[in-house]
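Enquirer: So that we are looking at the same thing, I have put the structure below in structure tokens.
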Amino acid sequence: MDTQQQQQQQSFIQGAKVLMVGAGGIGCELLKTLALSGFQDIHIIDMDTIEVSNLNRQFLFRRSHVGQSKAKVARDAVLRFRPHINIRSYHANVKNPEFDVDFFKQFDVVLNGLDNLDARRHVNRLCLAADVPLVESGTTGFLGQVTVHVKGKTECYECQTKPAPKTYPVCTITSTPTKFVHCIVWAKDLLFAKLFGDKNQDNDLNVRANNAASSSKETEDVFERAEDEDIDQYGRKIYDHVFGYNIEAALSNEETWKNRTRPRPIYSKEVLPESLSQQNGTTQNCSATDDDSTVSAMPLLGLKNPQELWGLTQNSLVFIEALKLFFAKRKKEIGHLTFDKDDQLAVEFVTAAANIRAESFGIPLHSLFEAKGIAGNIVHAVATTNAIVAGLIVIEAIKVLKKDADKYRMTYCLEHPSRKMLLMPVEPFEPNPACYVCSKTPLVLEINTQKSKLRDLVDKIVTAKLGMNLPLIMHGASLLYEVGDDLDDIMVANYNANLEKSLSELPSPVINGSILTVEDLQQELSCKINVKHREEFDEEKEPEGMVLSGWTQSPATNGESASTSNNENEKAVDVTESSSGPEMASKKRRLSETQPENDKKETENVESDDDEIMEIENPVMVSKKKKRVE
Amino acid sequence: MDGEELTEQETALYDRQIRVWGANAQRRLTKSHILVSGIKGTVAEFCKNIVLAGVGSVTLMDDSLVNEEALNANFLIPPDENAYRGKTVAEICCDSLKDFNPMVLVSVEKGDLSARSTEFFEKFDVVVIGYGSLATKKAVNEKCRKLSKRVAFYTVDCRDSCGEIFVDLQDYKYTKKKLEEKVECELNFPSFQEAVSVPWKPIPRRTAKLYFAMRVIEVFEENEGRKHGECSLLDLPTVLEIKKKLCEANSVSESLVPDSLLERLISGTIEFPPACAIVGGILAQEVIKAVSGKGEPLKNFFYYDAQDGKGVMEDISNSFTS
């Protein structure tokens with residue numbers, strides 16, 4: 001680039017107004033690199049506050065900043081070495097109404113450094129509506145990628161299906177777990193929720209102490225603790241109920257176990273001798289009004305190393321002790337707690353419970369460190385990948401400002417070289433003509449219009465699958481449902497009533513062949529859904545009781561790569577998704593030498609002899625885990 | 001606290017990266033000692049990364065005084081003339097780096113790297129030379145190789161929006177997991193001297209052109225007695241002459257080294273911040289791998305060029321001639 005071109009580039013940069021969404025791992029590196037590169041007008045949105053675990057890579061933050069707004073602290077830190085540029089920080093959720101299309105329109109380019117699919121989709125739609133180019137990115141461990149999305153020229157972020165967060169059929173969690181993650185979900189969303197969470201919430205855990213022989217006997221909720229019931233005794237009662245009685249009850253159903261390994265019931269008296277409750281006088285002696293949010297069961301039991309694998313006895317001790325500590329020291333919180341990965345006692349309890357259940361079902365046990373990662377959906381992360389990705393983002397941003405469309409690239413940062421490349425640029429795809437987000441293709445919904453309610457449609461399809469925040473549903477001229485601040489009571493009552501009706505019973509009946517219009521005004525997204533009535537749905541394969549289709553699947557979404565991609569905290573999804581696959585005629589990309597190999601297929605894990613650590617991938621992607629069992 | 005186990009503080013701070021490379025690797029990192037010489041944008045990025053990763057110590061060598069130019073692409077230097085006047089680049093960067101991770105020992109070593117004795121390098125596990133001259137790179141590499149302790153050796157050079165990393169881990173043994181089995185692997189790295197003197201003719205055509213271009217620039221700067229980056233477009237005729245001679249000596253066509261690339265490298269001596277982040281990131285990853293003993297190392301050159309967006313590994317040694 002000669003001097004004149006350099007100067008021209010600099011003037012594009014200096015005159016640009018840039019929006020950054022996210023001030024975390026990628027955000028810190030990105031803000032720094034933008035500032036060094038000569039950008040002078042940067043806005044940054046982030047709703048989070050700083051935590052200790054951020055400090056290993058979010059280098060603009062210090063220990064003294066824990067608890068403060070990421071966006072604000074990042075801004076202050078960068079102004080220290082570039083004091084004369086303009087940085088505007090917003091400590092807010094990018095989904096807030098203030099960030100509407102007009103807000104987005106003021107920027108020349110939007111740069112994402114997000115960690116969840118939901119927000120990414122939202123920003124994608126706003127960028128399309130505002131016609132502002134978007135540079136997307138993601139990292140997980142050593143993998144990373146940067147993609148460019150320009151309306152009309154390239155795919156939008158949603159042109160290729162991003163797999164939704166993995167959910168498990170209820171029966172797998174409650175009755176037939178086969179993987180450790182199933183045990184974690186049980187321990188976290190069922191047991192922990194039942195014991196310490198909102199009592200009014202629905203819960204699939206069997207709580208009745210039914211005697212199978214006489215169903216007419218008075219049933220009591222085992223989980224209700226009597227006023228002065230001894231905590232240790234209560235703990236054992238719960239233990240015996242969920243690990244003993246419930247398992248025996250499940251075993252009585254022969255059908256379930258015809259082709260499955262039978263679990264074994266475990267009772268506290270066989271694992272923990274009675275005398276232990278006297279030895280652990282520490283918790284008994286504590287006043288019930290003590291309030292200590294940093295209590296932990298591990299030190300009381302002499303357990304120091306979170307990476308250590310506990311046996312059944314130790315897990316059982318932790319289970320009882322943690323439960324006791326909740327009642328002894330955190331009584332006020334019981335009934336209001338939700339699982340938080342940074343709540344040490346909650347993590348201990350869930351780990352222990354999951355492990356005991358795993359033991360029962362013959363599933364390998366896991367350390368607290370591993371269990372915490374799975375239960376907390378923790379994404380492993382390092383500074384270097386974020387730094388590399390930030391550099392790549394700025395390079396693409398500059399191309400976008402110069403409107404150098406031929407040079408736009410999707411770049412993949414690989415852990416192992418593919419055809420000698422650690423950084424692999426690929427030409428972007430053209431927009432997918434069948435994308436319901438940027439190309440307005442109608443979707444097809446198969447649903448039982450007589451049984452499914454409007455509420456199911458709103459929750460499972462409109463909100464979850466279509467990612468709409470403030471939806472509006474119309475059938476012809478009839479407004480079936482909408483969300484908003486400006487609705488009067490009559491309208492709200494009307495909509496609430498509609499939610500409880502089955503589709504075919506709605507004021508404007510939705511039946512086979514009906515076409516629904518679903519809109520989100522903030523995202524300026526409008527979809528048409530063709531409804532097809534279907535009587536039956538497979539409980540295992542179609543647990544939701546409805547199937548949405550109509551957009552073209554991404555070529556590489558076979559079982560394998562789909563499962564290595566994303567979840568709530570998804571990062572380098574497309575590293576595997578964009579790999580080999582049939583080319584569609586409309587796609588611009590040349591197959592040439594730029595095929596990233598499916599990294600995950602190679603299990604070349606370089607480890608030293610005594611290392612036990614496996615790469616803990618996204619927790620829901622357990623099938624890809626390469627763990628060596630001790 | 002210097003026990004075998006990671007402290008509670010370390011475990012909490014390094015949680016997310018321990019999930020990437022494991023606790024044992026993290027332990028090894030906290031015991032490692034890194035020497036870094038020559039600090040500009042890319043090396044500043046590198047230092048930030050390894051400090052965050054939690055190495056044991058980082059020793060900085062760069063006696064150049066802070067000036068306006070040093071501020072470009074180096075976010076470790078606050079733009080306050082009162083703060084940096086009279087101080088060396090190493091001194092200012094040292095203060096900033098300590099801030100990123102108080103658990104890492106960051107210090108300054110003054111003087112000329114090439115004048116150091118062989119024993120000097122024994123204190124370190126890793127030596128990184130940024131923007132070094134051909135002579136310095138050769139001399140230090142030789143000293144590192146003389147030691148019985150294996151000292152990992154790296155060079156890094158960024159010009160315009162390109163970057164080169166060189167790796168020498170000598171004889172490096174590690175285990176790889178292949179199809180549920182553990183396989184013993186060994187890589188033999190050529191010395192720096194060997195790697196830059198490889199005859200060009202047998203080198204595969206598709207090798208990154210940057211390899212050859214950097215060799216031309218190296219020779220130019222050595223012949224003319226220039227410091228790193230002390231060149232401009234005015235030197236182009238001389239550089240092209242050198243290229244011609246080298247190509248002739250190697251019996252290869254001059255088209256092997258595009259003139260346009262050489263032009264870029266000598267006129268764009270200011271680093272491009274995004275390239276600094278990328279090359280500094282890759283370099284840090286490599287050092288972390290070598291220290292922790294986890295991960296297949298890059299062998300033995302890495303090239304990045306923002307113009308085509310590729311980051312490639314090139315394996316260049318005398319084995320081509322055999």
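So the protein lines, in turn, are chains V and U. Quick note: the first sequence uses the UniProt record's numbering, first residue 1, plus one each step. Quick note: the second sequence uses the UniProt record's numbering, first residue 1, plus one each step. Beta carbons: idealized from backbone N, C-alpha and C, even for Gly. Just so you know, these numbers come straight off a predicted model, no measurement behind them.
May I ask you to report which of helix, strand or coil DSSP gives C276 of chain U?
Expert: helix
Enquirer: Spatial neighbours of N188 of chain U within its chain, please: C-beta separation below 7 angstroms, excluding the five flanking residues on both sides.
Expert: Setting aside the 5 residues that flank it on each side, N188 of chain U is surrounded in the same chain by D171, each with a C-beta closer than 7 angstroms to its C-beta; the list follows chain order.
Enquirer: Output, in chain order, the set of chain U residues within a Cβ distance shorter than 8 angstroms of K420 of chain V.
Expert: V312, M313, E314
Enquirer: Taking just the CA atoms, how far does V132 of chain V sit from N498 of chain V?
Expert: 37 angstroms
Enquirer: Which of the three DSSP states, helix, strand or coil, is assigned to Q145 of chain V?
Expert: strand
Enquirer: State buried or exposed for N425 of chain V, treating a residue as buried only when at least 16 other CB atoms are found within 10 Å of its CB.
Expert: Correcting the residue type first, residue 425 of chain V is Pro in the shown sequence and not Asn. Buried, by the Cβ-count rule.
Enquirer: If we count the other Cβ atoms within 10 Å of its Cβ and call it buried at 16 or more, is N101 of chain U buried or exposed?
Expert: buried
Enquirer: Measure how close the beta-carbons of L6 of chain U and Q26 of chain U come, nearest whole angstrom, since I'm counting them as under 8 angstroms.
Expert: Rounded, the Cβ-Cβ distance is 6 angstroms, consistent with contact.
Enquirer: Against chain V, does R159 of chain U count as a neighbour if the rule is that its beta carbon must be under 9 angstroms from one of theirs?
Expert: no
Enquirer: Output the distance between the C-alpha atoms of K194 of chain V and L71 of chain U, rounded to the nearest integer angstrom.
Expert: 58 angstroms
Enquirer: Check whether chain V comes within 9 angstroms of E45 of chain U, counting only Cβ atoms and requiring the distance to be less than that.
Expert: yes
Enquirer: Look up A152 of chain U in the DSSP assignment and give the residues it is bridged to.
Expert: U:V126
Enquirer: In chain V, which residues lie less than 9 angstroms from R150 of chain U when you measure between Cβ atoms?
Expert: Within 9 angstroms Cβ-Cβ: nothing; R150 of chain U doesn't reach chain V, min ~15 angstroms.
Enquirer: For L55 of chain V, which option in U:K48, U:M61, U:T59, U:L60 has the closest C-alpha, if you only look at C-alpha atoms?
Expert: U:K48
Enquirer: What residues are listed by DSSP as bridge partners for F302 of chain U?
Expert: U:I165, U:M313
Enquirer: Counting only the same chain and skipping the five closest in sequence on each side, list residues whose C-beta sits under 7 angstroms from that of T3 of chain V.
Expert: If we look at T3 of chain V and ignore the five residues flanking it on each side, it has no Cβ neighbours.
Enquirer: Per DSSP, N112 of chain V forms a beta bridge with which residues?
Expert: V:V21
Enquirer: Tell me which residues of the segment 307-324 of chain V have at least one Cβ-Cβ distance to chain U shorter than 8 angstroms, keeping chain order.
Expert: So the list reads Q307, given in the order they occur along the chain.
Enquirer: Going straight from the alpha carbon of L114 of chain V to that of M468 of chain V, what length do you get?
Expert: Within the model, the alpha-carbon separation for L114 of chain V versus M468 of chain V is close to 18 angstroms.
Enquirer: For Y154 of chain U, which residues of its own chain have a beta-carbon under 8 angstroms away from its beta-carbon, when the five flanking residues on both sides are left out?
Expert: V126, V127, V128, I129, I165, F166, V167, D168, L283, E286, V287
Enquirer: Consult DSSP for V185 of chain V and reduce its assignment to one of helix, strand or coil.
Expert: If DSSP states are grouped into helix, strand and coil, V185 of chain V belongs with the helices.
Enquirer: What does the alpha-carbon distance come out to for the pair Y131 of chain U and T59 of chain U?
Expert: 16 angstroms
Enquirer: What is the residue span of the beta strand (DSSP E) that K182 of chain U lies within?
Expert: 181-188
Enquirer: I want to know whether the segment 117-130 of chain V touches the segment 99-107 of chain V - three or more CB-CB distances under 8 angstroms.
Expert: yes
Enquirer: Should the segment 227-238 of chain V be called in touch with the segment 317-329 of chain V, which here means at least 3 C-beta pairs below 8 angstroms?
Expert: yes
Enquirer: So does the segment 248-260 of chain V actually touch the segment 342-354 of chain V, counting three or more Cβ pairs closer than 8 angstroms?
Expert: no
Enquirer: Mind pulling the chain V residues with CB within less than 8 angstroms of N49 of chain U?
Expert: A383, T384, A387
Enquirer: Strictly below 8 angstroms CB to CB, what residues from chain U border H416 of chain V?
Expert: E296
Enquirer: In or out: K299 of chain U buried (at least 16 other Cβ within 10 Å) or exposed?
Expert: buried
Enquirer: For F46 of chain U, I'd like the list of residues in its chain whose CB is within less than 6 angstroms of its CB, leaving aside the five on either flank, ordered along the chain.
Expert: G280, L283, A284
Enquirer: Under 6 angstroms Cβ to Cβ from L19 of chain V, same chain only, skipping five residues before and after it: list those, please.
Expert: H43, F107, V110
Enquirer: On a Cα-Cα basis, can you pick out the residue from U:Q9, U:R28, U:D315, U:V257 that is closest to S191 of chain U?
Expert: U:D315
Enquirer: Consider the Cβ of F99 of chain V: report whether some Cβ of chain U lies at a distance smaller than 9 angstroms.
Expert: No - not a single Cβ of chain U is within 9 angstroms of the one on F99 of chain V.
Enquirer: Please tell me whether S316 of chain V and V382 of chain V are closer than 9 angstroms, where the distance is taken between their beta carbons.
Expert: no
Enquirer: Do three or more CB pairs link the segment 246-253 of chain U to the segment 190-206 of chain U at distances below 8 angstroms?
Expert: yes
Enquirer: Compare the C-beta of I203 of chain U with all C-beta atoms of chain V and state if any pair is closer than 9 angstroms.
Expert: no
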